[in-house]
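Taking it in order: structure first as structure tokens, then the write-up.
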Amino acid sequence: MAELDDLARMRHSAAHVMAQAVQELYPGTRLGIGPAIEDGFYYDFAFPQPITPEDLPRIEQRMAEIVRARAPFVREVLSREEALALFGDKDEAFKVELIHDLPTGEEISIYRTGDQWLDLCRGPHVGDTGRVGPFRLLTIAGAYWRGDEHRPMLQRIYGTAFATRAELETHLKRLEEAQRRDHRRLGRELDLFSVAEQVGPGLILWHPKGARVRTIVEDYWRTVHDDAGYQLVYTPHVGRAELWRTSGHLDFYRDSMYAPMEIEGQEYYAKPMNCPFHIQIYRAHLRSYRDLPIRLGELGTVYRYERTGVLHGLLRVRGFTQDDSHLFCRPDQVEQEIVGVVNLTIRLLGAFGFNEFDAYISTRPEKFVGDAAMWEQATEVLKIAARQAGLRYQIEEGGGAFYGPKIDLKIRDALGRAWQCTTVQFDFNLPERFHLEYIGEDGQPHRPVMIHRALLGSMERFFGVLIEHYGGAFPVWLAPVQAVVLPIADRHAPYAEQVARQLRAAGLRAEVDARGERIGYKIREAQVQKVPYMLVVGDQEVAGGTVAVRLRSGENLGPRPVADVTTMMMAAARPMAAAALDK
RNA sequence: GCUGACGUAGCUCAAUGGUAGAGCAGGCGAUUCGUAAUCGCCAGGUUGGGGGUUCAAAUCCCCCCGUCAGCUCCA
197 MAELDDLARM RHSAAHVMAQ AVQELYPGTR LGIGPAIEDG FYYDFAFPQP ITPEDLPRIE
257 QRMAEIVRAR APFVREVLSR EEALALFGDK DEAFKVELIH DLPTGEEISI YRTGDQWLDL
317 CRGPHVGDTG RVGPFRLLTI AGAYWRGDEH RPMLQRIYGT AFATRAELET HLKRLEEAQR
377 RDHRRLGREL DLFSVAEQVG PGLILWHPKG ARVRTIVEDY WRTVHDDAGY QLVYTPHVGR
437 AELWRTSGHL DFYRDSMYAP MEIEGQEYYA KPMNCPFHIQ IYRAHLRSYR DLPIRLGELG
497 TVYRYERTGV LHGLLRVRGF TQDDSHLFCR PDQVEQEIVG VVNLTIRLLG AFGFNEFDAY
557 ISTRPEKFVG DAAMWEQATE VLKIAARQAG LRYQIEEGGG AFYGPKIDLK IRDALGRAWQ
617 CTTVQFDFNL PERFHLEYIG EDGQPHRPVM IHRALLGSME RFFGVLIEHY GGAFPVWLAP
677 VQAVVLPIAD RHAPYAEQVA RQLRAAGLRA EVDARGERIG YKIREAQVQK VPYMLVVGDQ
737 EVAGGTVAVR LRSGENLGPR PVADVTTMMM AAARPMAAAA LDK
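Numbering follows the numbering used here, with no gaps: position 529 of the first sequence is 725.
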């Protein structure tokens, strides 16, 4: 832990060095704030003239000079008046605002770097600029002053710094690797999906290979949900205004909804959520306490307006399919249901190779519906469920939606990056609004508890995460093409077809590349497409009834009987076995 | 939405006010080949869209659309 603090301190000092370099190079630049962050640091500036990425090398160079100068960081405590005068004279309006907002009694300190530069700062810092480790400036981006979109936009420079050159290099390599795995790039290269300008931003076109993977994911999802006692349903994509008025979406969610369409004088809205429809299914019958819990599940496609600037490949889109479910249960069933959902999540995500999770429990916000005791109890249940599943969790105080507390799971991918997919939320609002009831043992109507949950989150986002997690090299059970049979010469094509037929008969996805190209060319293509098995057939294989097996790892297993290869592939194509066998 | 950068062939990129070009991919032909790119030919563009400046615009200016890095917001 001490090491981490040291690193953060050094990065914060690096931010100061950068700010000094910037102010020396671009006089008149005003300072925002400049903290250390997870992998480095940033500083926000108001430049007289906007700078561009071409300016970064210059700034880096000047930073290097400052580092070489080994100027000591010297702390100095000022009175509020002195501080205001000092930064007022320097025309540092943002700093002045910060000083004004410092609580009374808080010590106000500045740090001087040598005798040429100073900044308002709580510290701490390294001893002198020479202790700032190897750094690199990465990107420039806009950032609102104090994160408020109504305040001025500053230019933020992101940088990274490490204790050693080797660690810096490793980190830069990791950034490159992340670029190589970018699902938008792989989506194009592997022909998985696209977004067409003519269709519209944030609207995904699933190409045959992407759709293949999605179908496998969905089929598996259905199997697991059948098994877990869910009843799967289908509901429409639009619903009348009255539905959304009752649900409260028109009051609370309108900004995320598309404009209504008018049909026969009635307004209809594209659905941003599936819940009101599932509720209607619940309401289609009078429900007995004996019927509960009722778990309605759907791969439900929703449309939400998202500001253009937030759209990002598959990870943030405007039309997406949630693996949505709503659980209606009695208060005494809540705990087992939540525990069941968390366990189901871990089982489902585990099958796709995700075994590391961070859980976040969001508690009651200032504005809420229902009574506080109910919130308290529900939040407690979430904690119990997290604990029994062995999940470490953090509490997000006041982070819940107005209608109920929730637990979100972030999965860690192969590069250690966290992605939010799973969300499990209590809903104390909709059962009230729709007057949901069940008849209890006492013959009286009671209000059921409703739990909203999406485990993969959305098919789009989950697919994006899958692509990046595996770098496009899907485990055998998910690979759109599991094997490609490669005839050496035209005369081997009929045999190749025969092999492919055998594999397909065993339920495997096999293709033949019978083009008049050399074997090296076809291997390369299959390799680039990350096909798990390349089965080469030439004179020897035809004669022996074998195929020469090459794995995408580059490993050459040599000739094997077709039946053996089929068995081997079938074993590797089982969901649970996937992660272990496919290396 | 905001700030900045960007938009040229399916993809990756040239062409800095003077005739839009290459590699890969695609089509055709030749080659029949043993584990990551065989050779040749052909085709491919209203330079994101619209307007303006100019004798002349991919290039300069304005508006719109889209993409990227972030901010804000989220599955």
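Ideal placement from N, C-alpha and C gives every residue a C-beta, glycine not left out.
- Between Val620 and Ile607, the C-beta spacing is not below 8 Å.
- For Arg276, the CB contacts under 7 Å within the same chain, skipping 5 residues up- and downstream, are Ile295 and Ile304 in chain order.
- In the assembly as shown, Ser749 is an exposed residue. Its beta-carbon has fewer than 16 other beta-carbons within 10 Å.
- Going by beta carbons, Leu632 and Ile475 fall inside the 8 Å limit.
- Per DSSP, reduced to three states, the secondary structure at His445 is helical.
- Under the 8 Å Cβ criterion, the region 249–264 counts as touching the region 209–224, having at least three qualifying pairs.
- Ranked by Cα distance from Glu494, the options Ala267, Gln584 and His648 are led by His648.
- With a cutoff of 8 Å on beta-carbon distance, Arg657 and Leu753 are scored as not near each other.
- Per DSSP, reduced to three states, the secondary structure at Glu458 is strand.
- Note on Ala696: 16 or more other CB atoms within 10 angstroms of its CB, so buried under the neighbour-count rule.
- Between the beta-carbon of Pro231 and that of Ala210 there is about 11 Å, and that puts the pair past the 8 Å contact cut.
- Between the alpha carbons of His321 and Phe553 lies a gap of roughly 33 Å.
- A distance below 7 Å between beta-carbons, with the five flanking residues on each side excluded, links Leu587 to the following residues of its chain, in chain order: Phe553 and Ala555.
- A contact between stretches requires three or more CB pairs, one per stretch, nearer than 8 Å, and the region 476–490 fails this requirement with the region 454–462.
- According to DSSP, Glu707 shares a beta bridge with Val680.
- Taking the C-beta atoms as reference points, Val724 is found no nearer than 8 Å to Val732.
- In the three-state DSSP reduction, Lys286 falls in the coil class, being neither helix nor strand.
- Glu463 carries a strand assignment under DSSP once its states are collapsed to helix, strand and coil.
- When secondary structure is reduced to three states using DSSP, Ala689 falls in the helix class.
- The residues Tyr307, in chain order, have a CB closer than 6 Å to that of Cys317 in the same chain once the five nearest residues on each side in sequence are set aside.
- Sixteen is the threshold: when 16 or more other Cβ atoms of the shown chains lie within 10 Å of the Cβ of Glu737, as they do, the residue is buried.
- Between Gly600 and Thr559 the beta-carbon gap is near 10 Å, outside 8 Å, which marks them as no contact.
- By the Cβ-count criterion, Pro676 is buried, with 16 or more other Cβ atoms from all chains shown falling within 10 Å of its own Cβ.
- In the three-state reduction of the DSSP assignment, Pro627 falls in the helix class, which pools H, G and I.
- DSSP places Glu494 in the uninterrupted beta strand (DSSP E) bounded by Ile490 to Tyr499.
- Asp240 has Arg352 as its beta-bridge partners, per DSSP.
- Fewer than three beta-carbon pairs drawn from the region 491–510 and the region 560–567 are found closer than 8 Å, and the two stretches are therefore not classed as touching.
- Rounded to the nearest angstrom, the gap between the Cα atoms of Phe622 and Asp251 is 50 Å.
- In this structure, the alpha-carbon of Leu492 lies about 5 Å from that of His522.
- With contacts defined by Cβ atoms closer than 8 Å, Ile715 and Ile684 form a contacting pair.
- Bounds of any alpha helix (DSSP H) do not take in Met453, whose DSSP letter is neither H nor E.
- Here the C-alpha atom of His403 lies approximately 7 Å from the C-alpha atom of Ser390.
- Taking every protein chain shown into account, the CB of Glu533 has 16 or more other CB atoms within 10 angstroms, so this residue is buried.
- Proximity to Met646 across Val758, Tyr589, Asp528 and Leu401 peaks at Asp528, based on C-alpha coordinates.
- Around the C-beta of Asp287, fewer than 16 other C-beta atoms lie within 10 Å, and the residue is accordingly described as exposed.
- Excluding sequence positions up to five before and after Gly319, its CB lies within less than 7 Å of the CB of Arg271, Ser305 and Tyr307, all in the same chain and listed in chain order.
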